[in-house]
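Number of protein chains: 2
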Amino acid sequence: MPLHPPYLLFLGDAPDSLAAKTATGIRHWRPEWCRGQMRLPGCAADLGLPDMTLEEARAADVRTLVVGVANRGGVIGESWREILMKAVDMGFDVAAGLHERLTDVPGLVQAAQRAGVQLHDVRHPTGRLAVANGVPRSGRRVLAVGTDCSVGKMYTMLAMEREMKTRGLKATFRATGQTGILIAGGGISVDAVVADFISGAAEALSPENDADHWDLIEGQGSLFHPSYAGVSLGLLHGAQPDGLILCHEPGRAHMRGLPGRQLPSLDECIRLNLECARLTNPDAVVVGMAFNTAGLSTEAATRLLGQTADAYGMPCVDPVRTGVGQLVTALVGRFGS
Amino acid sequence: MPLHPPYLLFLGDAPDSLAAKTATGIRHWRPEWCRGQMRLPGCAADLGLPDMTLEEARAADVRTLVVGVANRGGVIGESWREILMKAVDMGFDVAAGLHERLTDVPGLVQAAQRAGVQLHDVRHPTGRLAVANGVPRSGRRVLAVGTDCSVGKMYTMLAMEREMKTRGLKATFRATGQTGILIAGGGISVDAVVADFISGAAEALSPENDADHWDLIEGQGSLFHPSYAGVSLGLLHGAQPDGLILCHEPGRAHMRGLPGRQLPSLDECIRLNLECARLTNPDAVVVGMAFNTAGLSTEAATRLLGQTADAYGMPCVDPVRTGVGQLVTALVGRFGS
Chain A
222 MPLHPPYLLF
232 LGDAPDSLAA
242 KTATGIRHWR
252 PEWCRGQMRL
262 PGCAADLGLP
272 DMTLEEARAA
282 DVRTLVVGVA
292 NRGGVIGESW
302 REILMKAVDM
312 GFDVAAGLHE
322 RLTDVPGLVQ
332 AAQRAGVQLH
342 DVRHPTGRLA
352 VANGVPRSGR
362 RVLAVGTDCS
372 VGKMYTMLAM
382 EREMKTRGLK
392 ATFRATGQTG
402 ILIAGGGISV
412 DAVVADFISG
422 AAEALSPEND
432 ADHWDLIEGQ
442 GSLFHPSYAG
452 VSLGLLHGAQ
462 PDGLILCHEP
472 GRAHMRGLPG
482 RQLPSLDECI
492 RLNLECARLT
502 NPDAVVVGMA
512 FNTAGLSTEA
522 ATRLLGQTAD
532 AYGMPCVDPV
542 RTGVGQLVTA
552 LVGRFGS
Chain B
222 MPLHPPYLLF
232 LGDAPDSLAA
242 KTATGIRHWR
252 PEWCRGQMRL
262 PGCAADLGLP
272 DMTLEEARAA
282 DVRTLVVGVA
292 NRGGVIGESW
302 REILMKAVDM
312 GFDVAAGLHE
322 RLTDVPGLVQ
332 AAQRAGVQLH
342 DVRHPTGRLA
352 VANGVPRSGR
362 RVLAVGTDCS
372 VGKMYTMLAM
382 EREMKTRGLK
392 ATFRATGQTG
402 ILIAGGGISV
412 DAVVADFISG
422 AAEALSPEND
432 ADHWDLIEGQ
442 GSLFHPSYAG
452 VSLGLLHGAQ
462 PDGLILCHEP
472 GRAHMRGLPG
482 RQLPSLDECI
492 RLNLECARLT
502 NPDAVVVGMA
512 FNTAGLSTEA
522 ATRLLGQTAD
532 AYGMPCVDPV
542 RTGVGQLVTA
552 LVGRFGS
């Protein structure tokens with residue numbers, strides 16, 4: 222069930238802009254879908270969008286109210302419930318990527334049924350999934366893989382989608398996590414499906430397509446993260462990527478959430494990802510790398526990206542600093558448009 | 222929540238003994254827990270246990286009625302419901318490993334609450350799981366891994382548990398699938414947990430223990446099965462095995478459920494499993510192999526097991542034909558008792 226833009230972004234009482242990072246991501250990647258923001262008293266986040274009431278949003282043809290804020294524990298704030306209920310009663314769809322479900326807010330399901338609108342708990346997959354079959358499908362695919370969690374996989378794939386569309390290529394970002402789903406207007410939170418269906422979810426997410434169409438599939442976790450590697454492997458097998466982009470944050474002290482546990486080397490990460498990818502796509506290659514160098518000076522970042530590109534014979538970019546043009550060029554150079 | 226033996230094994234109207242293979246496994250591995258069987262008219266399976274009514278089972282101190290039969294689709298037969306309800310009303314716990322849940326049988330949950338008994342849907346994990354942390358824990362662990370699904374991992378681990386106990390070693394079978402859980406009296410169906418928690422489930426399943434205690438952990442799937450490899454990898458990381466036993470069925474034409482897809486070589490399977498296992502246990506080794514040679518003649522099987530053992534420098538057994546004594550001897554030889 223796809224989401225319906227345009228969106229009104231609900232920021233609640235976000236104490237800072239970090240708490241509204243989901244909304245920030247949507248605003249950044251889908252500005253054309255974002256008609257306005259709604260803020261409660263005390264909200265310290267500001268997306269630079271018009272502040273709107275629900276009535277104003279309706280007049281602006283908004284179809285979905287998106288909860289773009291996360292508070293501690295991922296729960297739905299008491300003060301939000303009245304607004305969500307009113308939105309539903311007024312005929313808006315509502316979408317959220319929180320742990321707590323919209324469908325668990327007392328009365329909201331019934332109100333949505335009465336109003337004929339949808340509630341989207343994008344962190345919690347609902348559709349029926351099939352077990353993966355590993356059969357190749359037409360169309361081309363890129364998957365972001367990483368040395369760790371939270372190293373820029375979603376950002377890199379969204380940047381590549383934008384760059385490829387600018388060049389007139391057929392490209393679709395495929396979301397595998399909640400923020401990505403709100404940005405894409407659809408997708409599957411693969412880490413929330415029943416374990417038997419990880420690869421099946423990846424296959425469903427990226428169905429067969431035109432031979433010259435590219436899916437840019439958001440990665441999750443890392444084959445080297447002891448908490449989440451099963452998700453990463455299932456996604457890698459189901460995605461059947463032709464090209465991998467290796468994402469990394471230089472200088473990170475340890476695997477996310479696990480002090481003392483070192484990150485893998487780029488070599489290890491390339492080798493294991495390729496070996497596993499080739500189970501379902503024997504021709505898989507690593508096309509390039511995307512580093513998050515926010516912690517480095519411009520000089521140090523430029524030097525590191527250049528040295529890495531030389532050492533591995535493939536482009537190494539920082540999507541924020543340098544853009545992803547070189548990755549797209551390398552992809553097209555290898556596979557054609 | 223552990224299951225409570227002794228069991229009465231419910232065979233329903235099983236059309237043949239294969240339909241009652243769950244009950245057959247429990248009877249084989251836990252004869253001391255099996256007081257009787259209950260069969261409906263038309264049942265063609267027979268475990269060689271006394272046929273019992275619920276009243277007779279109560280007199281025989283049975284505590285749990287175990288649904289040991291699977292019909293097409295894994296549903297709970299209409300004709301079974303009355304018996305399940307009566308069992309609950311009489312104070313028996315009820316356990317089943319079907320797709321359809323006992324808790325979805327109309328009225329059964331309420332009846333269980335009234336009677337103060339438990340319903341165990343062992344295919345559907347219920348406890349709260351934590352995300353894995355990858356921290357080493359005391360005690361020793363063996364995990365069965367495989368070239369494919371359904372190559373004898375559960376059987377091998379149960380046979381090793383029995384052999385180790387016979388030798389006076391501290392050993393516990395740890396179940397990761399529904400039949401294993403009914404045999405062990407507890408465990409977690411790791412392929413049915415939410416994907417983020419696969420490794421966390423494996424860690425919870427095999428908690429820290431005495432330094433000389435062995436957990437024998439039932440494996441699931443294969444790193445080389447495109448449908449289920451994510452489950453296998455998460456289990457491998459969470460189990461943190463000291464020793465792996467590689468399970469294989471020689472001569473299998475293709476990966477289970479995927480005609481045309483070849484099995485990996487033993488070399489590939491050893492290498493990738495060890496590489497991945499060493500993320501959470503750098504000292505992991507393959508201790509031996511267990512082949513299901515049911516499809517071979519005695520001569521051919523003996524020759525193959527011998528040749529494989531010589532080639533790899535480790536024991537290669539068929540748990541049914543030869544027993545698993547050599548695997549236990551190799552384990553003790555390497556790690557001490």
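Those protein sequence lines, which keep their order, are chains A and B.
Position one of the first sequence corresponds to residue 222 (this note's numbering), numbered consecutively onward.
Position one of the second sequence corresponds to residue 222 (this note's numbering), numbered consecutively onward.
Ideal Cβ positions, reconstructed from N, Cα and C, are used throughout, including at glycine.
Skipping 5 residues on each side, what residues in its chain have a beta carbon closer than 7 angstroms to that of residue i?
| i | result |
| --- | --- |
| C370 (chain A) | G442, S443, H446, Y449, R477 |
| G360 (chain B) | E429, N430, D431, A432, H434, D436 |
| L493 (chain B) | L444 |
| P236 (chain A) | A265 |
| A278 (chain B) | L229, R256, G257 |
| P540 (chain B) | G373, Y376, T377, A380, A511 |
| G263 (chain B) | D234 |
| R388 (chain B) | V549 |
| L268 (chain B) | L230, A244, T245, R248, Q258 |
| L261 (chain B) | G233, D234, S300 |
Strictly below 7 angstroms CB to CB, what residues from chain A border residue i?
| i | result |
| --- | --- |
| R482 (chain B) | G355 |
| I419 (chain B) | A416, G451 |
| L479 (chain B) | N354, G355 |
Which chain D residues sit within Cβ distance under 8 angstroms of residue i?
| i | result |
| --- | --- |
| A498 (chain A) | Among the protein chains in the structure shown, which are A and B, there is no chain D. |
Listing by chain order, which chain B residues have their CB less than 9 angstroms from the CB of residue i?
| i | result |
| --- | --- |
| L493 (chain A) | L493, E496, C497 |
| T501 (chain A) | P447 |
For a contact meaning CB atoms closer than 8 angstroms, what does residue i contact in chain A?
| i | result |
| --- | --- |
| P428 (chain B) | Correct list: empty, because the minimum Cβ distance to chain A is about 16 angstroms. |
| H469 (chain B) | Going along chain A, no residue has its Cβ under 8 angstroms from H469 (chain B), so there is no contact; the nearest lies around 17 angstroms. |
Here's a check: name, in chain order, each residue in its chain whose Cβ is nearer than 6 angstroms to the Cβ of residue i, leaving out the five neighbours to either side.
| i | result |
| --- | --- |
| L457 (chain B) | C497, A498 |
| T523 (chain A) | none |
| E470 (chain B) | V372, N513 |
| A351 (chain B) | G421 |
| V330 (chain B) | T324 |
| G355 (chain B) | T501 |
| P382 (chain A) | As written in the sequence, residue 382 (chain A) is Glu, which differs from the Pro given in the question. A392, F394, L437. |
| G472 (chain B) | G516 |
Whose C-beta lies closer than 8 angstroms to the C-beta of residue i among residues of the same chain, with five residues either side of it excluded?
| i | result |
| --- | --- |
| R293 (chain B) | none |
| E489 (chain A) | F445 |
| V506 (chain B) | D463, G464, L465, L495, R555 |
| K242 (chain A) | A291, T400 |
| P347 (chain A) | The sequence shown places Thr at residue 347 (chain A), rather than the Pro named in the question. Same-chain partners within the cutoff: M222. |
Based on the DSSP output, what are the partners of residue i in its beta bridges?
| i | result |
| --- | --- |
| W254 (chain A) | Beta-bridge pairing links W254 (chain A) to no other residue. |
| T393 (chain A) | A:D436 |
| V315 (chain B) | B:L286, B:L340 |
| A511 (chain A) | A:C468, A:V538 |
| D272 (chain B) | B:Q258 |
| L230 (chain A) | A:Q258, A:V287 |
| A332 (chain A) | None; A332 (chain A) has no bridge partner. |
| A365 (chain B) | B:I466 |
| V415 (chain B) | A:V415 |
Which chain B residues sit within Cβ distance under 7 angstroms of residue i?
| i | result |
| --- | --- |
| T368 (chain A) | Neighbours of T368 (chain A) on chain B: none; closest Cβ ~13 angstroms, over 7 angstroms. |
| H578 (chain A) | No answer is possible for residue 578 (chain A): the residues shown for chain A start at 222 and end at 558. |
| L454 (chain A) | A450, G451, L454 |
From this set, the options, which residue's C-alpha is nearest residue i's C-alpha?
| i | options | result |
| --- | --- | --- |
| T501 (chain A) | A:E253, A:A423, A:A240 | A:A423 |
| V326 (chain A) | A:R349, A:S300, A:T347 | A:S300 |
| L275 (chain B) | B:M311, B:A521, B:L403 | B:M311 |
| R482 (chain A) | B:P485, B:L479, B:P503 | B:P503 |
| G295 (chain A) | A:G407, A:T519, A:L323, A:M273 | A:L323 |
| T543 (chain B) | B:L390, B:E520, B:G289, B:R555 | B:E520 |
| Q339 (chain B) | B:V452, B:R302, B:H225 | B:H225 |
| Y298 (chain B) | B:V283, B:L319, B:R284, B:T285 | For the record, residue 298 (chain B) in the displayed sequence is Gly; it is not Tyr. Answer by Cα proximity: B:L319. |
| D342 (chain A) | A:L270, A:V507, A:A474, A:M222 | A:M222 |
| V315 (chain B) | B:L364, B:F231, B:L484, B:T393 | B:F231 |
| V553 (chain A) | A:R362, A:G337, A:A336 | A:R362 |
| T396 (chain A) | A:K386, A:L426, A:F418 | Before going further, note that residue 396 (chain A) is Ala rather than Thr in the sequence given. Among A:K386, A:L426, A:F418, the Cα nearest to that of A396 (chain A) is on A:L426. |
| G337 (chain A) | A:A308, A:G451, A:E303 | A:A308 |
What in chain A is Cβ-close to residue i, meaning under 9 angstroms?
| i | result |
| --- | --- |
| L364 (chain B) | Simply none; closest approach about 14 angstroms. |
Quiz item: Given a limit of 8 angstroms on CB to CB distance, which residues of the segment 340-355 of chain A reach chain B?
Solution: V352, A353, N354, G355
Quiz item: What residues in the segment 380-413 of chain A have a beta carbon less than 8 angstroms from any beta carbon of chain B?
Solution: V411, D412, A413
Quiz item: In the segment 241-267 of chain B, which residues sit with their C-beta less than 9 angstroms from some C-beta in chain A, listed in chain order?
Solution: Answer set for the segment 241-267 of chain B: empty.
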